[in-house]
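Asks:
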Amino acid sequence: MALLKVENLKKYYYSGLFKKEIHRAVDGVSFDIGRGETLGLVGKSGCGKSTLGRTVLKLLDPTSGSIFFDGQDISGLKGSDLKNLGTRMQIIFQNPESCLNPRMRIYDAIAEPLRLHRLFERDEERGRIQELIEAVSLSEELLFRYPRELSGGQLQRVAIARVLGMKPEFIVADEPTSMLDPLVQAQILFLLKKLQTEYRISFLFISHDMRVVEWMSDKVALMEGGKIIGFR
Ligand SMILES: Nc1ncnc2c1ncn2[C@@H]1O[C@H](COP(=O)(O)OP(=O)(O)OP(=O)(O)O)[C@@H](O)[C@H]1O
Numbered sequence: 001m002a003l004l005k006v007e008n009l010k011k012y013y014y015s016g017l018f019k020k021e022i023h024r025a026v027d028g029v030s031f032d033i034g035r036g037e038t039l040g041l042v043g044k045s046g047c048g049k050s051t052l053g054r055t056v057l058k059l060l061d062p063t064s065g066s067i068f069f070d071g072q073d074i075s076g077l078k079g080s081d082l083k084n085l086g087t088r089m090q091i092i093f094q095n096p097e098s099c100l101n102p103r104m105r106i107y108d109a110i111a112e113p114l115r116l117h118r119l120f121e122r123d124e125e126r127g128r129i130q131e132l133i134e135a136v137s138l139s140e141e142l143l144f145r146y147p148r149e150l151s152g153g154q155l156q157r158v159a160i161a162r163v164l165g166m167k168p169e170f171i172v173a174d175e176p177t178s179m180l181d182p183l184v185q186a187q188i189l190f191l192l193k194k195l196q197t198e199y200r201i202s203f204l205f206i207s208h209d210m211r212v213v214e215w216m217s218d219k220v221a222l223m224e225g226g227k228i229i230g231f232r
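Here the sequence shown is numbered in our numbering, starting from 1 and rising by one per residue.
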């Protein structure tokens, strides 16, 4: 059984007077992703990739269609039912700073979601943070620095550690390396692949760069004008 199965998913934005203008950002998309598998999603700017990624995670409400996660239709879930899924599905953004509080040290940034979801007892926290920082190959001394003291690549590793702490089964990676220079980009891609093999995480890997997507993915979906126009 696929971990994620999406059927005829639509996300329309309504704007203008009386919300009469319809923008079909995602317009009838279907795909599935198995456990430990990566589906790459590639297409030009504005074709709907980010909207699709966010809708699948229910960060945006779908207009219609179904999203099955581990066999359960989550498309209509709300409130606490949706919250229960919270740690199992995660997102990594293009700009890691968007999820890091500039006034919070790296240690607390990684610990915050663990505390929020009560994933560990307080006395286990230190050990867990250590494991996570090692998993993303960062030096322990960075734990007591602030985000502004880290490079873009280091910040993306912190963002990945934060997400990894929640033991996700599925991650949407939305252009996670497109703001990094090529060498750092390659290092982060290797890291994501390593973590995927180690923890058997499924990915929806979004990028406008076909080479990156092909290297990362088991299968690639080509998106245009809100639709998937083919797989390869
Ligand atoms: N909140 C919104 N309200 C109205 N239209 C929106 C909204 N968010 C996105 N759109 C439109 O939906 C379309 C798809 O946007 P989306 O960001 O999903 O594309 P994308 O393929 O991820 O692009 P990029 O690679 O530039 O991030 C675009 O035309 C965009 O202008």
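Even for Gly, the Cβ is constructed at its ideal location relative to N, Cα and C.
These numbers were taken from a predicted model, which means no experiment stands behind them.
#1: Do you know whose CA, among L59, D181, L82, lies nearest S151's CA?
#2: Look at the Cβ atom of S202, then the Cβ atom of G36, and state whether they are nearer than 8 Å.
#3: Based on the DSSP output, what are the partners of L3 in its beta bridges?
#4: By the three-class DSSP mapping on this structure, what secondary structure does Y107 have?
#5: Going by the C-beta, is G46 closer than 7 Å to any heavy atom of ligand 1?
#6: Could you say if the region 166-176 and the region 184-204 meet the contact criterion of at least three C-beta pairs nearer than 8 Å?
#7: Between L132 and G165, how many whole angstroms is the CB-CB distance? I'm expecting something under 8 Å.
#8: Using 7 Å as the cut-off, classify the Cβ of A173 as near or not near the heavy atoms of ligand 1, replying yes or no.
#9: List the DSSP bridge partners of G230.
#10: Report all residues from its chain with a CB closer than 6 Å to the CB of I188; omit the five preceding and five following residues, and keep chain order.
#11: Please report how far the alpha carbon of K219 lies from the alpha carbon of T197, in whole angstroms.
#12: Skipping 5 residues on each side, what residues in its chain have a beta carbon closer than 7 Å to that of D70?
#13: So for I74, helix, strand or coil by DSSP?
Replies: Quick look at the numbers:
#1: D181
#2: yes
#3: Beta-bridge pairing links L3 to no other residue.
#4: helix
#5: yes
#6: yes
#7: 5 Å
#8: no
#9: L222
#10: Q156, T177
#11: 16 Å
#12: L3
#13: coil
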